[in-house]
Every structure is written in structure tokens, then in C-alpha cells.
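One structure below.
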Amino acid sequence: ALPPTILQILARNEVDEKVTVTGWVKSIRKQKRVAFGVLSDGSSPTGLQAVFHEDLGERVKQITNGTSICVRGSIVKSPGSGQDKELLVDEVEILGECDPETYPIQKKTLTPEYLRDYTHLRPRTGAIAAMVRLRSHLMRELNNYFANQGFTYAHTPILTSGDAEGGGEAFRIAPVSPLPSHEFFTHPAYLTVSHQLHLEALSHSLGRVYTLSPCFRAERGVTRRHLAEFWMFEAEWNVIPTTDPRAQTVALCDFVEGAIKGSVGESGIIHGEDVNALWQHREHDSSSEDDRAKAREAVVLAVTSNAAWPKISYSEAVRELLKSNIDWEFPVRWGSPLQTEHEKWLSETLVGGPLFVTDYPAAIKPFYMRANPAMEGEDETTVGCFDLLVPHAGELVGGSVREERLNKLKESMQSKGMDMDGERYGWYGDLRRFGGGPHVGFGLGFERLLGWVGGINNVRECVPMPRWAGKMDL
Ligand code: 4AD
Ligand code: MG
């Protein structure tokens, strides 16, 4: 086995224990007879305070911020405030020097914008390291939750033959070699925008399936919520038939709410060290301490309280937006997509927490969503679907009941200029032709979940090496 990490050493609660730790010096304060360093091995946000006495000699003088060192010593009770334990160093070895004159990651305020120019070095900052650990932890909790609900984690392809969302945002790919891509695969190839359609194929055999996988979109707008490469948590499963897809949408929303509360709230993640570190990280935005404390409390409450998150239909949302008498930049009209300003108002002002908006007009949603039976007050067809809106992070999840009826699916595809009997989507029709039944699914933006849970302002700080239009430097 490997030697214990700093996190494990600190959790063990043993003093006078002899340990060997390798890591990087986060900060060092040199006094006449003694130097105090904070050593990090990446396992915890706090690191370990190391005390170097003068008899260690010249070597301590060479230690600067960023130096890689190996220390041996004993864990003792710390007389200082700020930490329970510290390491009294007996031996120190310098493994890698770090020139303080040219090292770009200095203690002085490092803005997110500055750090984006040092994608390869920024994981050394506390906030980015905490975010990467939180990703890992969150993935583990989601895996646990879905395993307990009887789901199978399935691997779906990254290379696909079509644009699953029909949004026209797919990246087309080609080999570097002289061979044109259509000669390689015999038809054009794309990077996947969503794993949903492939998951649907798998769910017609395996039942409950999910994946956490990269998705790629050539987004036109450059916003703080969009990346060109992001990770989506997607699930598909079969449901008991009902004549009312609206009831299925309600059950789907309830399940998604339970999954988020279970993996983020009940798991304890929300009270963990890394989430604390992320919320305390001041450089991320300019809001006041008070505002941040309130925002954090609201997230904690949302994921830990038993109260159900409100649900309103798209039609109700439109009515509320009109009633607000706000002079919207984008006009509010039944049939138009909700814009960011509308979504923001609905979750932040109207509700002050997560909000499900359900049953959107079919015309503004993808082809695979199930048509609702006609309802009063709705002139055009709506579909059994939802968007989960949360304060600050915006649209966190989208999902729907899937159109399982072959003829209706065909009509819906036709209305969007797609041919179900054609070469490209024939396989999707087969899922209905051969033993298709009612099923539902959703996709959750992993970076946006992280941003919401950790109070991170921009999705570019929610993934280690972000890519967006105009930016991919390693
Ligand atoms: O709403 P979207 O486009 O839905 C789908 O792709 C469905 N096929 C999912 C499904 O039902 N299996 O994307 C789902 C979520 C969004 O709510 C958002 O959180 C995130 O994925 N997302 C992005 N996150 C970061 N950068 C982008 N460019 C994103 N586009 C979508
Ligand atoms: Mg969506």
C-alpha cells in the first residue's frame, strides 16, 4: 500500500507518529531560528503545517513557494492556532526547486482570468484543486446513488453519426491523414452532443442505465455557463405506462430531485471540506461576504430540506413573467424559448431556489419528447418535459418523457426535417418498432452542478482544463 496522505494523517488523530510526506510548499514564513511552511500533497484543502528548526541547516533557506520537498518527522499537537496538529521536521530533502522570480503562481491575488492563461499550473491553486477533488467525490456519490437505484453504468460512444439534439452545434471531425473522413467511416462523423439516443438503445435491453461522459458543442454564445467540452450525467429508464404523460413528468422531476438531494445533501458532500474551501474562496467573485453566506445557505437548504422543489408549467411561467411587469430585453410570448434573464428571474426572484419548469411547447424542444394530450390554455402541442432551473447556475438539468409511439415519433421527426426511415435515424425508429415501451430520461450538466454546489461563478472554473470558443491552449 502507499503511505498515508496528509488528509489520512490528519484524520488518524495520532500524535508522536513518525511520518514521511512528499508534497509542495504552499507558503513559507522564515524566522530567525525556525521556519513555518504549509505543505500540500493535494489530498486536502488545508495541507499540513511543517516546522523547520535551524539545525536543519542551509537547505531550509532554499525552500520557496512551489518547491517540491520530502520531509520526515513527527506529528505533534500544534501550539499555534489555526491547526490541531503539525509536523515537526527531522529531515528534509529538496526534490524540485521552484524559481520564485519567474513562478506564475504566487500568493498575491490570482484572478480566475489570469489563471486561465496558465491552465497547466492552475491546479496548484487551492480553489482549482478543491474543485477537482469535488468532481471526483461527486462522481462517486452519484455512482453510489444510481447503483442503489438499480442502474447500470454504461459506456456510450463519443464518435457519432448525427447531432442528437438537432441544435446544429456538433463538431464535425476528420482524420489528420490525407484520408477524408467520409472515406474512413463512409459518412460524416461528429463528436457527440449528448449520449441520450445511445442510452435509449441500451435501456431497451438493460432497463435502467446511466453514463457520465464528455459532450461537445460548438456553442455560438460565449457565456459563463457554456463550454465547448463539458461532462453530462445522463440516465434513461423504463416507466409504468399511464395515459397521462404529465404525471410521468412529475414523477421524473421527483426522481431527479431525489438523486441530487441524495448525492449532494444526504451524502454529506455539501458540508465537506472542499465545498467549504470553494465557498470561502474570495477571488471567484466580487459579491459581499454576507451575500455569499446567504447564497450558500440557500443551496444547503435546497439539498437538505424535505420540502419538494416547486414545479410550474411553461404556460404558468409565461404568465408569471408577463405579470411581473418587468421590461424584458427579450419579449415574453407563449411559444418562444425562455431566455437567461427569464430563467434567472423565475428561480432567483419568483422562487428563490430550484424550480422545475415543465411541459414546454413541442416546437421549441427536440424531436424525441412525448406529445402531451391537449390542455386548456395551450393552443399548440406541448411535450412531457422539464428544465430544472437553479439560482446562479441557470439550467442545471433537462429531461423528458420519450415519444415511444412509432407514428407520433415519425411525425415529430418529419416536422423537424428528419427522416426516421432514412439511413441516419433508422436505428432510432427500430427502438420503437421492436419492443419499444414508455421510458424517460434526463441530462444533468456536471460543471453546472459543481458551480451550484461550490458557489463557483463560471463553468470555466468547474473543469480542470476548460475549452471554449477561442480557447484551447493545451
Ligand atoms: O438541455 P440539454 O441540451 O439536453 C440534452 O442534451 C438531453 N439530450 C439530455 C438528456 O435528456 N439525456 O443538456 C443537458 C444539460 C443542460 O441542462 C446543462 O446543464 C448542460 O447539459 N449543458 C452544458 N453545460 C456546459 N456547457 C454547455 N455548452 C452545455 N450545454 C448543455
Ligand atoms: Mg436544455
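So that you can map any letter, position 121 of the sequence shown is 149 in UniProt numbering, and since no number is skipped, the others follow by simple counting.
Cβ coordinates follow ideal geometry from the N, Cα and C atoms, glycine included.
Here the structure is a predicted model, which means the values were calculated and not measured.
Query, Result
"Does the distance from the CB of G194 to the CB of P394 come in under 8 Å?", "yes"
"So L240 and F384 are supposed to be a Cβ contact under 8 Å. How far apart are they, rounded?", "That belief does not hold up - the Cβ atoms of L240 and F384 are roughly 22 Å apart, past 8 Å."
"Is H467 helix, strand or coil by DSSP?", "strand"
"Flag D415 as yes when its Cβ comes closer than 7 Å to any non-hydrogen atom of the ligand MG, and as no otherwise.", "yes"
"Roughly how many angstroms separate the alpha carbons of W307 and S333, rounded to a whole number?", "20 Å"
"On the CB-based measure, 16 or more other CB atoms within 10 Å of its CB, does S164 come out buried or exposed?", "exposed"
"Decide if Q276 is buried, meaning its Cβ has at least 16 other Cβ atoms within 10 Å, or exposed.", "buried"
"Can you give the Cα-Cα distance for N486 and H223, rounded to whole angstroms?", "24 Å"
"Which partner residues of Q77 appear in the DSSP bridge assignment?", "V66"
"With a threshold of 16 other CB atoms inside 10 Å of the CB of S443, please say whether the residue is buried or exposed.", "exposed"
"Our contact map puts H467 next to E264 with C-beta atoms below 8 Å; I'd like the distance itself, whole angstroms only.", "6 Å"
"In chain order, what residues of the same chain have a beta carbon less than 8 Å from the beta carbon of I354, not counting five sequence neighbours either side?", "W373"
"Is S233 helix, strand or coil when you go by DSSP?", "helix"
"Taking 7 Å as the cut-off, is the C-beta of E423 nearer than that to any heavy atom in the ligand MG?", "yes"
"Check whether the Cβ of G194 sits closer than 7 Å to any heavy atom of the ligand MG, and report yes or no.", "no"
"For the beta strand (DSSP E) containing R57, list its first residue and its last residue.", "K46 to K58"
"For the region 265 to 284 and the region 482 to 500, state whether three or more C-beta atom pairs, one from each stretch, are separated by less than 8 Å.", "no"
"Does the distance from the CB of A256 to the CB of L225 come in under 8 Å?", "no"
"Specify, as a first and last residue, the run of the alpha helix (DSSP H) that D458 falls within.", "G454 to R461"
"Mind checking whether residue 1 and G190 have CB atoms under 8 Å apart?", "In the structure as shown, the chain begins at 29 and stops at 502. Residue 1 is therefore absent and cannot be evaluated."
"Report the option in Y131, P365 and G65 whose CA atom is closest to the CA atom of H81.", "G65"
"Pop quiz: L84 and V117 are said to be a contact at Cβ under 8 Å. What is the actual Cβ separation, rounded to whole angstroms?", "7 Å"
"Please determine if the region 140 to 158 and the region 455 to 467 are in contact, where contact requires at least 3 C-beta pairs separated by less than 8 Å.", "no"
"Give me the Cβ distance between L227 and E262, rounded to the nearest whole Å; I'm assuming they're in contact under 8 Å.", "6 Å"
"In three-state DSSP terms, what is M260?", "strand"
"Give me the residue from P128, T95, L123 and G75 with the minimum Cα distance to G110.", "G75"
"What's the gap between the Cα of S352 and the Cα of K339?", "18 Å"
"Any chance the CB of G469 is under 7 Å from a heavy atom of the ligand 4AD?", "yes"
"With 16 as the cutoff for other CB atoms within 10 Å, does Y342 come out buried or exposed?", "buried"
"If we ignore side chains and look at the alpha-carbon of each, how far apart do T184 and P132 end up?", "39 Å"
"Would you list the residues sitting across from V411 in a DSSP beta bridge?", "A399"
"To the nearest angstrom, how far is the alpha carbon of R161 from that of A330?", "22 Å"
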